[in-house]
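See structure below.
There are 2 protein chains.
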Amino acid sequence: MMITTKGRNALKVMLDLAQHNDGNNVSLADISDRVKESQKYLEATVSSLSAAGLILSARGKSGGYRLVRQPEEYNVAEIICAAEGTLSPVSCLDVGCSKAGGCLTLPLWRELDDVIMNFLRSKTLADLLK
Amino acid sequence: MMITTKGRNALKVMLDLAQHNDGNNVSLADISDRVKESQKYLEATVSSLSAAGLILSARGKSGGYRLVRQPEEYNVAEIICAAEGTLSPVSCLDVGCSKAGGCLTLPLWRELDDVIMNFLRSKTLADLLK
DNA sequence: AGTTATTCCTACTTTATTTGTAGGATATTA
DNA sequence: TAATATCCTACAAATAAAGTAGGAATAACT
C-alpha cells in the first residue's frame with residue numbers, strides 16, 4: 207500500500223487540528239480520543255509532522271500541538287510525505303534500480319508519480335473539511 | 207509500495223511479448239533471459255496474466271506464451287491489476303474500514319484511486335514501446 | 001514409445017515493512 | 001513540587017513482498 211496508516215493518521219490529526227484551530231494547544235490525548243487511534247501510535251506520526259515544521263509543539267502542562275498556517279495553506283502531499291518519508295508508487299523511484307538504463311517502464315512510473323503528486327498537491331486541508 | 211515487483215514484472219513480460227509478437231509462442235526461459243528476472247519468480251506472475259485471459263499459453267515442446275490482442279489494445283491498468291490482484295493506494299478501499307462512516311479522508315482516497323486508474327488506463331503497451 | 005522442452009501447481013523460506021506496545025526521560029505550567 | 005504534556009528509544013507481533021525448490025502434466029518431435 208502506498209499510503210499507510212502513518213500517512214492516513216497524519217492527515218486525520220491535521221484535520222482535527224484544523225477543526226480546533228483557535229490558537230490554543232491541542233493535546234494528543236484529546237486528538238486520540240476524537241480520531242480513535244492509539245495515542246502511543248499517533249506520537250510517532252505527529253512527531254514527524256512537528257519535525258517537518260508543519261505544526262508547532264509545546265511541552266509541559268497545557269502543552270500540545272497547533273497549526274502554523276491556515277488550513278487552506280496546507281496541501282495533502284506535504285502532510286503525507288512528512289509522515290511517510292517518501293511517497294512513490296514503485297520502489298524503483300526511491301531506491302533506484304541497476305537495470306534502469308534501458309528500462310521501458312521507468313518513464314511510466316515517473317509520470318505516474320507526477321500524476322499522484324500533482325493531485326495531492328492540489329488538495330488542501332480546507333478542501334477536505336467541506 | 208502500491209506497485210510491487212509482480213506488477214512491474216508483468217508489464218515487462220507483456221512488453222517483451224509485444225516486441226516478439228509474430229504469432230509464435232515465446233518461452234518463459236527466453237523472456238527471463240531478456241528481462242533479467244528469475245524464471246521461477248516470473249512463473250507466478252505470468253500465470254496470473256494467463257488466468258486473466260490477457261495472454262495465451264501453450265504447454266509442451268515449442269510452447270510458450272503470446273498476446274491475444276495487438277499491443278495498442280492493452281492498457282497498463284488491466285495488466286497491473288491482473289498481476290497484483292488489486293491496485294489501490296490505501297487499504298481502506300480494498301478492505302473497508304469500520305470508521306468509514308464520517309471519515310473525512312475516504313473521499314480523497316477514492317478520488318486518488320480514480321486519478322491513478324484513469325492515468326494507467328490511458329497508457330497502452332504500444333505507448334511504452336515508443 | 002521415448003526423449004525433451006515447456007507450462008503448471010504446491011509448498012516452503014527469507015526478508016522487509018507495517019503496525020503497533022512499553023517504559024521512562026524531559027520540559028512546562030500552576 | 002506536583003501534574004500534565006511532549007519526546008525518545010527499544011522492542012514485538014503481524015502481514016506482505018520477494019524469491020526458491022521440486023516435481024507433475026502436457027505436447028512435439030524424433
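For the protein sequence lines, the chains are A and B, in the order given. The numbering used here puts the first residue of the first sequence at 207, with every later residue one more than the last. The numbering used here puts the first residue of the second sequence at 207, with every later residue one more than the last. Heads up, the beta-carbon is just placed ideally off N, CA and C, and yes, glycines get one too.
Using 8 angstroms for Cβ pairs, my map puts residue i next to residue j. What's the rounded Cβ distance?
i: threonine 251 of chain A; j: valine 219 of chain A; result: 7 angstroms
i: isoleucine 286 of chain A; j: leucine 217 of chain A; result: 7 angstroms
i: alanine 289 of chain B; j: glycine 213 of chain B; result: 5 angstroms
i: proline 277 of chain B; j: asparagine 227 of chain B; result: 7 angstroms
i: isoleucine 209 of chain B; j: proline 295 of chain A; result: 5 angstroms
i: leucine 334 of chain B; j: threonine 311 of chain A; result: 7 angstroms
May I ask you to list the residues that DSSP assigns as paired with residue i?
i: alanine 264 of chain B; result: B:Gly270
i: valine 232 of chain B; result: B:Tyr271
i: threonine 330 of chain A; result: A:Asn281
Return the first residue and the last residue of the alpha helix (DSSP H) that residue i is part of.
i: proline 313 of chain B; result: 312-327
i: lysine 305 of chain B; result: First-last for lysine 305 of chain B: undefined, no H or E at that position.
i: glycine 216 of chain A; result: Checking the displayed sequence, the identity of residue 216 of chain A turns out to be alanine instead of glycine. Alanine 216 of chain A -> alpha helix (DSSP H) spans 211-225.
i: lysine 242 of chain B; result: Element bounds for lysine 242 of chain B: n/a, residue is neither H nor E.
Per DSSP, what kind of secondary structure is residue i in: helix, strand or coil?
i: asparagine 281 of chain B; result: strand
i: alanine 288 of chain B; result: helix
i: leucine 293 of chain A; result: coil
i: alanine 250 of chain B; result: helix
i: alanine 258 of chain B; result: coil
Pick out whichever of the options has its Cα sitting closest to the Cα of residue i.
i: lysine 242 of chain B; options: B:Leu262, B:Asn215 and B:Asp228; result: B:Asn215
i: tryptophan 315 of chain A; options: A:Arg327, A:Tyr271 and A:Gly302; result: A:Gly302
i: lysine 336 of chain B; options: A:Asp319, A:Pro277, A:Cys309 and A:Gln225; result: A:Cys309
i: serine 254 of chain B; options: B:Glu284, B:Leu318 and B:Met207; result: B:Glu284
i: leucine 248 of chain B; options: B:Asp228, B:Leu312 and B:Tyr271; result: B:Tyr271
i: serine 238 of chain A; options: A:Asp228, A:Asn230, A:Leu221 and A:Ile209; result: A:Leu221
i: leucine 262 of chain B; options: B:Glu278, B:Cys298 and B:Leu234; result: B:Leu234
i: leucine 326 of chain B; options: A:Leu293, A:Ile322 and A:Gly259; result: A:Ile322
i: valine 232 of chain B; options: B:Glu279, B:Leu260 and B:Ser268; result: B:Ser268
i: methionine 207 of chain A; options: B:Leu273, B:Gly291, B:Ala306 and B:Asp333; result: B:Gly291
i: serine 256 of chain B; options: B:Lys329, B:Gly266, B:Ser244 and B:Val274; result: B:Val274
i: glutamate 279 of chain A; options: A:Gln225, A:Thr330 and A:Asp300; result: A:Thr330
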